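Residue numbers (full-length UniProt numbering), protein chains in the order written: chain A, 1 to 331; chain B, 1 to 331. The beta carbon of each residue, even a glycine, is placed where N, CA and C say it ideally should be. It should be emphasised that the depicted structure is a prediction, and the values quoted were computed from it without experimental measurement. Presented below is the structure to which this report refers.
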């Protein structure tokens with residue numbers, strides 16, 4: 001294993017200390033259990049939006065803490081759910097009296113632990129709503145999941161729910177909007193290489209020299225098939241076809257296209273794939289109104305990419321466009 | 001070679017088409033020779049700032065085109081200088097009558113080709129100034145370079161010169177500020193893995209399973225030494241010590257700390273290293289006033305990192321803070 005780390009046992013805490021040092025204006029680190037909290041939390045009278053999950057997908061979720069997006073992110077160990085008490089601590093840090101919205105990727109551990117934390121918070125008199133993100137069309141019932149996995153759409157849900165909260169929407173309304181994004185978003189990913197979890201020390205799986213995995217999960221969970229790496233054109237179509245068919249997206253739809261690097265794929269390849277995806281969507285009669293291109297939902301150093309489509313309406317466009325100030329997204 | 005591409009011969013053009021499709025509000029692509037131009041160029045009466053160089057270092061330079069930074073970026077083939085006529089075409093696209101500032105990383109091919117283009121533009125009556133960036137303290141006279149190589153500081157030079165141009169500084173003043181950043185910035189990098197140039201198809205060099213190269217160039221040029229990978233603490237000190245000694249940076253200095261991923265290093269490791277660098281600088285009595293953390297000066301999918309320090313004064317801080325709207329930097 002070749003990594004710039006000190007000790008696999010402290011890698012998450014060490015990275016969080018660096019994040020906090022880099023962005024003192026945006027966030028602070030609550031230690032043990034670690035929670036990344038918006039610097040000015042709690043914001044009185046405003047719904048607090050909280051997400052989290054296993055570490056290793058950065059900037060998801062810690063890089064999205066700040067005005068217009070998340071009030072707190074709860075980072076678990078690498079690829080491992082945060083504990084209920086960590087989630088509960090996050091809720092306690094950010095509750096401003098208007099309720100808390102929990103955004104949870106659909107993995108069994110996350111779902112259970114966030115649910116337990118929600119019950120504990122509600123017992124303390126805090127109104128909590130939870131929205132599960134399950135946008136991955138690749139497989140149903142995976143290694144860590146009953147139902148579909150939550151992947152790229154999580155970024156879009158966090159941005160839009162956070163914008164609604166910043167505009168003063170109540171917790172019921174924030175949850176409805178988050179749920180609408182989940183209902184209208186679909187994703188699929190692929191990998192060229194495997195990630196290496198620091199405390200494991202070996203790649204999570206093995207692929208042949210010219211083999212890729214289509215439909216990979218963001219923890220390296222099995223996808224739909226292993227096959228020879230084709231051209232970028234073929235890769236993009238292999239990802240987009242099931243995404244388009246699933247919702248289904250139809251001629252005339254306006255969409256947000258999110259082209260995501262799994263971490264190790266360089267920007268040149270990512271934009272190249274994005275350009276192909278724009279062309280394929282035009283062929284299908286879709287209009288791309290908004291774009292996000294970059295490594296935002298990653299799997300450590302895994303090379304690969306995913307494509308997420310979100311069907312837009314004017315309200316979602318306005319919320320997407322509204323100001324955000326976080327380490328990883330800012331406008 | 002495992003890459004998401006169609007054809008090694010068209011990879012740069014294909015990626016540029018994707019970049020243009022993703023950011024129609026910010027930039028447009030002038031084809032053959034390819035130049036990425038700010039969407040609203042030329043800006044009448046404002047100094048135009050132009051940079052460029054071999055592709056494969058994205059977002060440098062194409063991701064920095066937009067208000068407050070570059071008016072044009074000239075992308076050569078992967079790791080290969082753009083031709084004089086491409087640079088000349090860029091100058092022609094963006095000249096707004098107030099002169100053009102060329103920011104050139106110190107590699108022999110870039111220096112010659114930008115110089116030729118500058119002479120051609122001056123013959124056309126355009127006032128051109130050129131500033132060479134040579135911040136890499138690792139080695140003197142490298143594979144493609146006489147003198148020091150230009151690496152991470154290029155991003156800082158482009159931001160600060162672009163801000164000065166946006167504020168209405170004349171071309172002489174923009175060049176002076178760019179030169180001041182060059183004079184006050186130092187960098188050093190390291191690699192854990194090698195990049196693979198698409199048209200070559202094989203890694204640029206070989207490293208042992210636990211071996212790293214300290215002082216690597218952004219094209220994989222030799223650094224100072226190959227050695228066993230130590231802890232992140234050791235890596236950061238191996239990079240920072242020569243950087244600190246070179247200027248030299250001294251107790252009481254205020255600095256911008258730029259922690260850069262070479263492309264394949266995940267954010268977790270990068271922030272971890274950044275946190276250590278902040279601590280080491282504090283030990284030396286330096287105050288970190290501004291930070292940049294991310295993959296901004298890359299070498300395709302190479303894993304590794306670099307650290308750049310810029311000695312700040314209030315004018316540089318103000319220019320750094322002034323608005324920028326590009327694909328890769330925005331505030």
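### Query
Is any beta-carbon of chain D found at less than 8 Å from that of residue 320 of chain B?
The structure shown contains no chain D; its protein chains are A and B.
### Task
Using the DSSP secondary-structure output, state which residues sit across from residue 191 of chain A in a beta bridge.
A/213, A/304
#### Entry: Opening and closing residue of the alpha helix (DSSP H) in which residue 108 of chain A lies
Where residue 108 of chain A is concerned, the enclosing alpha helix (DSSP H) stretches over 108-123.
#### Entry: Nearest candidate by alpha-carbon position, reference residue 334 of chain B, set A/91, A/228, A/148
The shown model of chain B, from 1 to 331, leaves out residue 334 of chain B, and the question about it has no answer.
### Message
Pairs of beta-carbons, one from the stretch 308-319 of chain A and one from the stretch 156-164 of chain A, closer than 8 Å: are there three or more?
### Response
Taking 8 Å as the limit for Cβ pairs, the verdict is that the stretch 156-164 of chain A does touch the stretch 308-319 of chain A.
### Message
Checking 8 Å against the spacing of the C-beta atoms, do residue 51 of chain B and residue 103 of chain B come in under that value?
### Response
yes
### Message
For a contact defined as C-beta to C-beta under 7 Å, what are the partners of residue 330 of chain B on chain A?
### Response
Within chain A, the residues placing a beta-carbon under 7 Å from that of residue 330 of chain B are 330, 331, ordered along the chain.
### Task
Would you kindly report the start and end of the unbroken alpha helix (DSSP H) that includes residue 316 of chain B?
314-321
### Query
Taking 8 Å as the CB-CB limit, is residue 59 of chain A close to chain B?
yes
### Message
Given this structure, state the Cα-to-Cα distance separating residue 74 of chain B from residue 27 of chain B, to the nearest angstrom.
### Response
13 Å
### Message
Considering Cα atoms alone, identify which of B/268, B/46, B/22, B/208 is closest to residue 166 of chain B.
### Response
Measuring from the Cα of residue 166 of chain B, the nearest candidate turns out to be B/46.
### Query
Are residue 239 of chain A and residue 307 of chain A touching if we call contact CB-CB under 8 Å?
yes
### Query
For residue 113 of chain B, which residues of its own chain have a beta-carbon under 7 Å away from its beta-carbon, when the five flanking residues on both sides are left out?
81, 82, 83, 84, 87
#### Entry: Residues that residue 14 of chain A contacts on chain B, provided the C-beta gap is smaller than 7 Å
272, 275
### Selection from A/76, A/178, A/153 that minimises the alpha carbon distance to residue 333 of chain A
In this structure chain A extends from 1 to 331, so residue 333 of chain A is not present and cannot be described.
### Query
Around the C-beta of residue 231 of chain A, are 16 or more other C-beta atoms found within 10 angstroms, so that it is buried, or is it exposed?
Label assigned to residue 231 of chain A: exposed.
### Task
For residue 9 of chain A, count neighbouring Cβ atoms within 10 angstroms of its own Cβ and tell me buried if that reaches 16, exposed if not.
exposed
### Task
Classify residue 251 of chain B as buried or exposed, calling it buried when 16 or more other Cβ atoms lie within 10 Å of its own Cβ.
Burial call: exposed.
### Query
In chain order, what residues of the same chain have a beta carbon less than 7 Å from the beta carbon of residue 79 of chain A, not counting five sequence neighbours either side?
54, 56, 197, 219
### Task
Measure the alpha-carbon distance for residue 303 of chain A versus residue 300 of chain B and round it to whole angstroms.
12 Å
### Beta-carbon contacts of residue 58 of chain B that lie in its chain and below 7 Å, excluding the five residues immediately before and after
298
### Query
Is the beta carbon of residue 309 of chain B sitting closer than 8 Å to the one on residue 293 of chain B?
no
### Task
Could you say if the stretch 272-292 of chain B and the stretch 15-30 of chain A meet the contact criterion of at least three C-beta pairs nearer than 8 Å?
yes
### Task
Report the neighbours of residue 263 of chain B on chain A: residues whose CB is nearer than 7 Å to its CB, in chain order.
266
### Message
Suppose only complete runs of 4+ residues qualify. What are the alpha helix (DSSP H) ranges in the stretch 126-152 of chain A, listed by chain order?
### Response
none
### Task
Could you work out which residue in A/95, A/152, A/146, A/241 is closest to residue 128 of chain A when comparing CA atoms only?
A/95
#### Entry: chain B within 8 Å of residue 184 of chain A, Cβ atoms only
Output row for residue 184 of chain A: interface = no.
### Span of the alpha helix (DSSP H), counted from its first residue to its last, around residue 58 of chain A
For residue 58 of chain A, there is no enclosing alpha helix (DSSP H), as DSSP marks it with neither H nor E.
### Task
Look at the Cβ atom of residue 100 of chain B, then the Cβ atom of residue 48 of chain B, and state whether they are nearer than 8 Å.
yes
### Query
Listing by chain order, which chain B residues have their CB less than 7 Å from the CB of residue 17 of chain A?
Chain B residues near residue 17 of chain A: 275.
### Task
Please decide whether residue 55 of chain A counts as near chain B, where near means a Cβ-Cβ distance under 8 Å.
Cβ-Cβ to chain B under 8 Å: yes for residue 55 of chain A.
### Query
Taking Cβ positions only, does residue 235 of chain B come closer than 8 Å to chain A?
yes
### Query
What do you get for residue 208 of chain A, buried or exposed, if any count of 16 or more other CB atoms within 10 angstroms of its CB means buried?
exposed
### Task
With DSSP collapsed to three states, give me the class of residue 76 of chain A.
strand
### Query
For residue 236 of chain B, which option in B/214, B/146, B/199, B/246 has the closest C-alpha, if you only look at C-alpha atoms?
Answer by Cα proximity: B/214.
### Task
Find the residues of chain B that neighbour residue 5 of chain A, judging by a C-beta separation of less than 7 Å, and give them in chain order.
232, 269, 272
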